[in-house]
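Notes follow once the structure below has been shown.
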DNA sequence: AAAAGCTGTCACAAAACTATACTATTTATA
DNA sequence: TATAAATAGTATAGTTTTGTGACAGCTTTT
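Protein chains in written order, with the numbering used here: chain Z, 27 to 249; chain P, 27 to 249.
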């Protein structure tokens with residue numbers, strides 16, 4: 027279940043938010059000022075922070091700015107009507123939503139669940155494949171073997187990524203050519219072989235994962 | 027493999043999404059405006075729709091709303107930066123994810139695969155036949171006996187796969203020759219015998235599954 | 001502009017595969 | 001059981017397919 031950090035200097039406000047939030051099933055922790063909020067936000071992992079703008083010691087904006095330097099935990103700001111409206115509305119701080127005080131707890135809860143749902147839905151899943159010491163990071167376009175970066179040429183990446191993404195499948199020469207080079211490629215028949223050769227060289231000890239399917243094509247096999 | 031409908035009025039955007047998506051193995055269809063999108067989304071079954079918000083004729087939201095009346099095909103919306111309102115509005119419509127323009131194709135692909143994976147629950151249909159310890163994986167082009175990989179030559183694979191796919195049926199010599207070797211093969215009559223022999227050898231303890239139909243041909247029999 | 005790097009093509013070498021010829025065995029039938 | 005027909009087994013030469021190094025035309029970097 028999601029964890030929420032509630033930051034407000036007024037005990038009563040924290041209590042009411044806590045009451046509603048835990049009723050919704052969230053795990054709630056509290057902080058009474060900006061400094062404590064920063065400490066907790068950075069030392070623990072919250073799914074959402076609900077923070078008041080007006081607080082003694084360190085205000086909500088400054089705390090938000092500081093937290094954002096290190097983490098991108100979603101933040102909902104609470105503020106009095108008209109107060110710093112532009113700053114919040116400009117979203118220059120990267121605030122995910124804001125609620126005007128006095129607020130209805132019910133409305134706040136709706137915003138909370140909306141933000142959490144949105145963030146979790148769009149959370150970037152790491153797009154990585156690994157097998158033994160071989161790690162393929164598709165999104166970063168990085169291949170490492172036993173922690174060592176493997177340098178590949180663009181074509182090698184394209185060919186390799188396609189094969190890894192379709193690992194375990196028999197890929198015909200035609201498929202590989204048309205997917206990696208494009209269906210309008212009518213070059214030499216041996217081009218694929220040459221690149222397979224280069225790829226195997228780059229893969230070093232893992233070259234055996236690129237299996238030749240005589241008369242058909244190739245298959246990437248890991249485990 | 028999954029089918030995707032890409033909806034955007036800009037040809038260039040459609041092309042780049044199409045390129046990346048087909049590289050990932052998706053089958054991609056295109057629509058250039060909201061009306062066409064609705065037509066296609068309702069008449070065909072897509073696994074995912076990627077749709078721009080801003081389009082002439084009929085915008086993405088309206089199209090989304092209309093499609094959702096009839097189908098729950100997952101939808102990823104594309105829209106220009108800063109349209110926070112659109113973002114929330116989009117989620118209220120039951121949009122599955124949201125990507126800000128200009129987007130990196132790589133990021134979009136990650137979202138696409140995340141949504142599809144989430145919706146389908148990573149169900150992977152494998153094209154496999156098995157009988158006792160004999161496993162034939164057609165898509166990987168792998169045959170195993172009691173967990174051990176069996177190495178076959180191309181002709182053996184072709185012949186064996188054809189027989190397994192038509193298991194239980196009497197296959198005449200003529201049928202086998204023409205299906206496996208091609209209609210234009212007029213070689214020696216004994217060629218088939220020889221390959222049957224090699225195949226039986228490869229099948230080891232399961233060689234009895236290849237039954238001789240004297241005067242007719244052969245039949246693959248498994249249980 | 002020079003240097004370095006990437007791609008596609010080619011020729012040749014190496015490996016793997018296949019068709020065929022030939023012999024042996026099995027099966028059907030008289 | 002003898003005989004012919006059909007299928008099984010074996011060896012191998014010739015063919016097909018793949019691996020590899022060299023290289024030239026391009027592109028990107030420096």
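Built from N, CA and C at the ideal position, the CB exists for glycine as well.
Values in this document were obtained by computation on a predicted structure and should not be read as measured data.
Can you grab the Cα-Cα spacing for the pair residue i / residue j, in whole Å?
i: residue 218 of chain P; j: residue 243 of chain P; result: 9 Å
i: residue 180 of chain Z; j: residue 224 of chain Z; result: 12 Å
i: residue 11 of chain P; j: residue 122 of chain Z; result: There is no way to answer for residue 11 of chain P, as the model of chain P reaches only from 27 to 249.
i: residue 205 of chain Z; j: residue 237 of chain P; result: 40 Å
i: residue 59 of chain Z; j: residue 87 of chain Z; result: 12 Å
i: residue 143 of chain P; j: residue 74 of chain Z; result: 25 Å
i: residue 248 of chain Z; j: residue 174 of chain P; result: 16 Å
i: residue 45 of chain P; j: residue 70 of chain Z; result: 41 Å
i: residue 54 of chain Z; j: residue 94 of chain Z; result: 20 Å
i: residue 38 of chain P; j: residue 90 of chain P; result: 22 Å
i: residue 65 of chain Z; j: residue 177 of chain Z; result: 40 Å
i: residue 163 of chain Z; j: residue 154 of chain Z; result: 4 Å
i: residue 61 of chain P; j: residue 81 of chain P; result: 10 Å
i: residue 250 of chain P; j: residue 29 of chain Z; result: This structure does not reach residue 250 of chain P, given that chain P is present from 27 up to 249, and the question cannot be answered.
i: residue 202 of chain Z; j: residue 72 of chain Z; result: 44 Å
i: residue 184 of chain P; j: residue 226 of chain P; result: 14 Å
i: residue 84 of chain Z; j: residue 233 of chain Z; result: 57 Å
i: residue 235 of chain Z; j: residue 157 of chain Z; result: 10 Å
i: residue 196 of chain Z; j: residue 125 of chain Z; result: 55 Å
i: residue 241 of chain P; j: residue 186 of chain P; result: 20 Å
i: residue 213 of chain Z; j: residue 136 of chain Z; result: 58 Å
i: residue 193 of chain Z; j: residue 194 of chain P; result: 31 Å
i: residue 36 of chain P; j: residue 209 of chain Z; result: 22 Å
i: residue 52 of chain P; j: residue 92 of chain Z; result: 42 Å
i: residue 207 of chain Z; j: residue 228 of chain P; result: 36 Å
i: residue 40 of chain Z; j: residue 57 of chain Z; result: 9 Å
Would you kindly report the start and end of the unbroken beta strand (DSSP E) that includes residue i?
i: residue 78 of chain P; result: 74 to 78
i: residue 212 of chain P; result: Looking at the DSSP string, residue 212 of chain P is not in any beta strand (DSSP E), and its letter there is neither H nor E.
i: residue 127 of chain Z; result: 123 to 127
i: residue 245 of chain P; result: 243 to 246
i: residue 237 of chain P; result: 236 to 239
Could you check if residue i is buried or exposed, using at least 16 other CB atoms within 10 Å of its CB as the buried criterion?
i: residue 221 of chain Z; result: buried
i: residue 106 of chain Z; result: exposed
i: residue 112 of chain Z; result: Only weak support is given to the placement of residue 112 of chain Z: the predicted model assigns it a pLDDT of 49, under 50, and the question is left unresolved by the model.
i: residue 239 of chain P; result: exposed
i: residue 48 of chain Z; result: exposed
i: residue 76 of chain Z; result: buried
i: residue 139 of chain P; result: buried
i: residue 211 of chain P; result: exposed
i: residue 32 of chain P; result: buried
i: residue 188 of chain Z; result: buried
i: residue 50 of chain P; result: buried
i: residue 1 of chain Z; result: Coverage of chain Z is limited to positions 27 through 249, which leaves residue 1 of chain Z absent and any answer about it impossible.
i: residue 216 of chain Z; result: exposed
i: residue 200 of chain P; result: exposed
i: residue 231 of chain P; result: exposed
Let me know the secondary structure DSSP gives residue i once reduced to three states.
i: residue 103 of chain Z; result: strand
i: residue 160 of chain Z; result: strand
i: residue 55 of chain P; result: strand
i: residue 179 of chain Z; result: coil
i: residue 113 of chain P; result: Per-residue confidence for residue 113 of chain P stands at a pLDDT of 45, beneath the threshold of 50, marking its modelled position as unreliable; the derived number appears in the next sentence. Three-state result, residue 113 of chain P: helix.
i: residue 185 of chain P; result: helix
i: residue 34 of chain Z; result: coil
i: residue 197 of chain Z; result: strand
i: residue 167 of chain Z; result: coil
i: residue 40 of chain Z; result: helix
i: residue 45 of chain Z; result: helix
What distance in whole Å lies between the Cβ atoms of residue j and residue i, which are believed to be in contact at a cut-off of 8 Å?
i: residue 171 of chain P; j: residue 160 of chain P; result: 6 Å
i: residue 134 of chain Z; j: residue 34 of chain Z; result: That pair is no contact at about 12 Å.
i: residue 100 of chain P; j: residue 42 of chain P; result: Not a contact, Cβ separation roughly 21 Å.
i: residue 190 of chain P; j: residue 129 of chain P; result: Their Cβ separation, rounded to whole angstroms, is 45 Å, which puts residue 190 of chain P and residue 129 of chain P out of contact at 8 Å.
i: residue 22 of chain P; j: residue 102 of chain P; result: Since the first residue shown for chain P is 27 and the last is 249, residue 22 of chain P is missing from the structure and cannot be characterised.
i: residue 67 of chain Z; j: residue 98 of chain Z; result: About 11 Å; that fails the 8 Å criterion.
Taking the alpha helix (DSSP H) that residue i falls in, what are its first and last residues?
i: residue 219 of chain P; result: 217 to 229
i: residue 138 of chain P; result: 131 to 146
i: residue 68 of chain P; result: 60 to 69
i: residue 94 of chain P; result: 86 to 96
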